[in-house]
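In numbering that gives the first Met the number 0, the protein residues as written are 0 to 107. So the structure is just underneath, and the comments pick up after that.
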Amino acid sequence: MIIVTRLNGGLFGVNPDLVQRVESAPDTILTLIDGSKYIVEESMAEVISRITEHRALVLARARQIETERQSVHLAPVPSDDEPDGGPDDEPDPRGPHDEGRAHLRTVR
């Protein structure tokens with residue numbers, strides 16, 4: 000959301016993804032994709048700057064989340080019934096479909 004000011008001084012938030020057009024005639028008019036219009040105190044350049052900054056923050060946050068996901072690594076660990084990580088002589092209680100699969104845990 001970007002915060003803009005009504006002509007009466009009240010603040011309100013606008014979803015910048017819904018802004019279809021910004022006009023200056025001489026007041027700044029925001030037209031949303033549903034056709035609703037808002038007259039605001041900010042200049043057209045200021046509204047465009049706020050929308051640009053908002054989108055840059057969204058992209059930066061998306062990259063940060065992507066980096067956080069990439070830093071998570073999986074490593075094989077021994078199961079509870081195999082403390083040394085080696086195979087047991089007893090049959091696997093999970094059944095034959097899970098035999099040979101590594102047990103994974105999150106490592107940071």
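Using N, Cα and C, we set each Cβ at its ideal position, and we do this for glycine too.
Would you call the CB atoms of Ile1 and Gln19 closer than 9 Å?
Cβ atoms of Ile1 and Gln19: not closer than 9 Å.
Rounded to the nearest angstrom, what separates Phe11 and Thr4 at their Cα positions?
Approximately 6 Å, taken between the alpha carbons.
On the criterion of 16 or more Cβ atoms from any shown chain inside 10 Å, does Leu29 qualify as buried, or is it exposed?
With a threshold of 16 other beta carbon atoms within 10 Å, Leu29 meets it and is buried.
Please state whether the Cβ-Cβ distance between Thr66 and Val46 is less than 9 Å.
At the C-beta level, Thr66 and Val46 stay beyond 9 Å of one another.
Cut-off 7 Å between Cβ atoms - residues of its own chain near Ile50, not counting five sequence neighbours on either side
If we look at Ile50 and ignore the five residues flanking it on each side, its Cβ neighbours are Ile1, Pro15, Val18.
Straight-line gap, Ala61 to Glu52 (C-alpha atoms, nearest Å):
C-alpha separation (whole angstroms): 14 Å.
Using C-beta distances below 6 Å, list every residue in its chain close to Glu22, excluding the 5 sequence neighbours before and after it, in chain order.
Counting only Cβ-Cβ distances below 6 Å, and skipping sequence neighbours, we find Ile28.
Following the continuous beta strand (DSSP E) through Ser23, name the residue where it begins and the one where it ends.
Per DSSP, the continuous beta strand (DSSP E) segment holding Ser23 begins and ends at 18–23.
Nearest candidate by alpha-carbon position, reference Gly8, set Ala24, Glu41, Pro25:
Comparing Cα-Cα distances from Gly8 to each of Ala24, Glu41, Pro25, the minimum goes to Glu41.
Quick check on DSSP: helix, strand or coil for Leu29?
In this structure, Leu29 counts as strand in the three-state DSSP scheme.
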